[in-house]
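Protein chains in written order, with my numbering: chain A, 4 to 192; chain B, 305 to 639. Note that CB positions come from ideal geometry on N, CA and C, so glycine has one too. Below: the structure, in structure tokens.
Laid out in structure tokens, this is it:
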């Protein structure tokens, strides 16, 4: 396993601390007066999403983490497991409900997502920023009401509930931003 | 991933990071600093960037250069150093009878790169003959006032700053007490921080608990440092003793370091030897203890204060930029 010395530290580095993978999301080089160089880092745990503040001294080092991003296709859900396939190797990967977090809301069969692997094992998933979902059920829309500030919950094909403007009807296709979980626009009626 | 948004126009590789506006502003600042010292009768000097002597400091790493005589044997020659500051050469001028002097010059410090560091940078350095600590602080405050226009500097003892913001006495507390203060204040402590490394604890507290408060509404000068951080400052035999060193801060950023200068050659030789032992223990190369500065001090350095101010940082703050790269044409990566 490669190691990174403090002189290699930079934003975007993937490192391992206590056996867990971290992404260096901030790195500040500070040097007080006549003092020793300090490397102040913010590190995001790639398994849990928590952020760690760590300070390193010049000459310290961190182990690199074997982290890679691959494109996968969503196949199906089996109880608490979501099954994906690597588009290049056809290898299958499973993520638990905990690992998938809120992203189950956007998964449609065949959808291509980006998956993060740590030591070859899947740890997290990023769906495309925008997905189009069919409305399965909602209270009927008010005809002619095109106001977007009055919202109602609608149930989409994945089973998730999304807050939408009141003019949305069953059978509509809506676009949702997966980063915020919010309605973007109506794609078709 | 961005779809539909207009592509950014890439900056050509050869082009400077700093804008024309920033570099115009920088040129104006050079004139202002020169005028400040000319008005006060300082003589502008230029000293070599490349010297056989170099400041010996545990945490300053000069870049070595081999000055060859025969270009066909370029690796054989006299080892010299790109200067971390023009301090030695300027003090040799003072010992030779020069009046108050200043210079604006490039300096080099290996391994330093960040938002506020570039291994090659510009220093304003000056020596005021006959001055003591209070006058040295006053002159620095005057320069800050006339270049930054944020008022004169408030002066605060290093000890008072620690008592106020870290709740610990930096001159008298033991290592365990400093470590406890660091933990209480939520300081992120490096794994390799050793309990006996007293200056290490002081620096961690300074960076996390003190510096963020410094120079927010007006510039501030910290003064009277722990003797272990004297570098080339005189130690005043108070009880407890303090180093007559001072530092200017603006917006939490360290801008200048000054000394009421040490004049005792023997004392400097002892400090050099101590620092070299520490350097060796940290796996760093040792630096030449004997130097022409020691000879100059033996013949007599006049009482004086000396200050080094980071010119790039001064421009950055006055220009309201947040990264040195905004005021440097070509930072390290594209130099």
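Within chain B, no residue has its CB atom less than 7 Å from the CB of residue 143(A), the nearest being about 33 Å off. The alpha carbon of residue 110(A) has as its nearest neighbour, out of 69(A), 96(A), 163(A) and 94(A), the alpha carbon of 163(A).
When Cβ-Cβ separations below 7 Å define contact, residue 507(B) makes contact with chain A.
Between residue 416(B) and residue 34(A), the beta carbon gap of about 6 Å places them in contact (Cβ cut-off 8 Å). According to DSSP, residue 124(A) shares a beta bridge with 121(A).
Distances from the CA of residue 465(B) to each of 451(B), 355(B) and 519(B) were compared; the closest alpha carbon is that of 519(B). The stretch 585-601 of chain B and the stretch 314-321 of chain B do not touch, with fewer than 3 CB-CB distances between them shorter than 8 Å. When C-beta distances to chain A are compared with 7 Å, the residues of the stretch 516-537 of chain B below that value are 533 and 535, in chain order. Counting along the chain, residue 462(B) sits inside the alpha helix (DSSP H) bounded by residues 462-469. In terms of Cα proximity to residue 114(A), the closest of 47(A), 58(A), 165(A) and 76(A) is 76(A). Per the DSSP secondary-structure output, residue 86(A) pairs in a beta bridge with 79(A) and 97(A). In the DSSP assignment, residue 344(B) forms no beta bridge with any residue. Relative to residue 124(A), the option among 88(A), 157(A), 135(A) and 153(A) whose CA is nearest is 88(A). Judged by DSSP secondary structure, residue 141(A) falls outside any beta strand (DSSP E); it is assigned neither H nor E. A residue is called buried once 16 or more other Cβ atoms fall within 10 Å of its Cβ, and residue 6(A), having fewer, is exposed. CA-CA distance, residue 117(A) to residue 74(A), rounds to 5 Å. Looking at the DSSP output, residue 405(B) bridges to 347(B) and 431(B). Within chain A, no C-beta atom comes nearer than 9 Å to that of residue 432(B); the closest sits roughly 21 Å away. In the three-state reduction of the DSSP assignment, residue 586(B) falls in the coil class.
By the C-beta criterion, the stretch 316-329 of chain B is judged not to be in contact with the stretch 561-574 of chain B, since fewer than 3 inter-stretch pairs fall below 8 Å. At least 7 Å separates the beta-carbon of residue 165(A) from that of residue 140(A).
Residue nearest to residue 584(B) within the set 336(B), 365(B) and 335(B) is 365(B) (criterion: CA-CA distance). At a cut-off of 7 Å, the C-beta of residue 11(A) has no neighbouring C-beta in chain B.
Around the beta-carbon of residue 24(A), 16 or more other beta-carbon atoms lie within 10 Å, marking it buried. Taking residue 636(B) as the centre and dropping the five residues before and after it, the same chain places the C-beta of 417, 422, 423 and 424 closer than 8 Å to its C-beta, in chain order. Looking from the CA of residue 534(B), the closest CA among 575(B), 557(B), 514(B) and 497(B) belongs to 575(B). Around the Cβ of residue 19(A), a 10 Å sphere holds 16 or more other Cβ atoms; the residue is buried. An exposed status is given to residue 71(A), since fewer than 16 other beta-carbon atoms sit within 10 Å of its beta-carbon. For residue 596(B), no chain A residue has a Cβ inside 9 Å of its Cβ, as the nearest lies near 22 Å away. Look at residue 33(A): its C-beta is under 7 Å from a C-beta on chain B. Against residue 611(B), chain A offers no close residue; the least beta-carbon distance is about 13 Å (beta-carbon pairs closer than 9 Å). The straight-line gap separating the alpha-carbon atoms of residue 171(A) and residue 97(A) is approximately 34 Å. In terms of beta-carbon proximity, residue 511(B) lines the interface with chain A, with at least one pair separated by less than 7 Å.
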